[in-house]
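Have a look at the structure below, then the notes.
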Amino acid sequence: MDGHTIASPSASLDKDWWQLRTDLAAAHRIASAQELNEGIFNHLTAYSKSKPDRFLSLPFGQHWSEAVASELLEVGFDGSTLKGDGIVESTAYCIHAPIHRARPECAAVFHTHMPFATALTRLKDPSLKAIGQIEIGFLNDIAYDESYNGKATTLDEGERMARVLGQKNVLFLANHGIIVLGKTIAHAYERLYYLERACQTQIYAMWTGAELLHVRRDILELVNVPSGHDTGQMLFDAMKRVYLNPTKKRFDA
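See below:
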């Protein structure tokens, strides 16, 4: 190596694994900028079948706006830290490990208390209504957990959540928050972002006190047709350009 070559911190890492780390750090930064996190709590984790004994998690105590790819923890499914320095938050392990095990086809498991979606979980009827085109895209992909058992500090509770979730990609946790899954981090973030927007719109509509206007049943399937574009990746790339100011410490450092 000559004097002009700077070793990349990803040199010893598999390219795809490093990309997963980079995207997860970016997701934390963007979510913080959009105020989807709750202080240092909530958890965004990532998993790859190339390393089936572990998942990635932010060290507890770091703010999401501080997330850096090289500082993410590699957490074993027994709760041990396989790589990295920092604390594995107990509920992050107890919620995410069982869901990653149950849904290995999904790279991302995001759990947040983002305000509008979480507000709906405080209602006796938390269901998202068919009142607009964004909402329609979620209707058949949400599971509702009606049992709040306190903080999820046992694997049994995480396993119960995984069973309620089943093969759907969104879980509303009564009196708590939401969980979103995605085959990639980009797709999970797209789902997270638009879910919060849909919940925000519904709450605004409910605030008027007027009767909600539901989309006709015969229109529902027409609206839910894929665009043919990878909108999840497109949105995530756009958000990285907008929210990740190059004057800040790089998220892929």
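Heads up: the sequence shown begins at -15 in my numbering, then just goes up one per residue.
Using N, Cα and C, we set each Cβ at its ideal position, and we do this for glycine too.
Predicted model only: the values in this text are computed from it and were never measured.
Residue pairing by DSSP places T29 opposite V93 in a beta bridge. In chain order, D125, I126, A127 place their CB closer than 7 Å to the CB of K152, counting only its own chain and leaving out the 5 sequence neighbours on each side.
The alpha-carbon separation between D202 and K113 amounts to approximately 15 Å. Between the segment 133 to 147 and the segment 185 to 205, the count of C-beta pairs closer than 8 Å stays below three; the two stretches do not touch. Between the C-alpha atoms of V72 and L157 there is a straight-line separation of about 22 Å.
In the three-state reduction of the DSSP assignment, I24 falls in the coil class.
Look at S41 here: in three-state DSSP terms it is strand. Each residue's CA atom was taken as its position, placing R225 and M218 some 11 Å apart. The beta-bridge partner set that DSSP reports for V59 consists of F39, T65. Distance between W1 and K35, taken at the CA atoms: about 9 Å. By the Cβ neighbour-count rule, R38 is buried, with 16 or more other Cβ atoms within 10 Å of its own. In this structure, G121 is the residue among G121, L28, L20 with its C-alpha nearest to the C-alpha of V207. Following the DSSP letters along the chain, one finds A189 inside the alpha helix (DSSP H) bounded by residues 169 to 191. T29 sits away from D236, with the two beta carbons spaced by 8 Å or more.
Nearest Cα to G63 within the set T138, R87, E55, Q3: T138.
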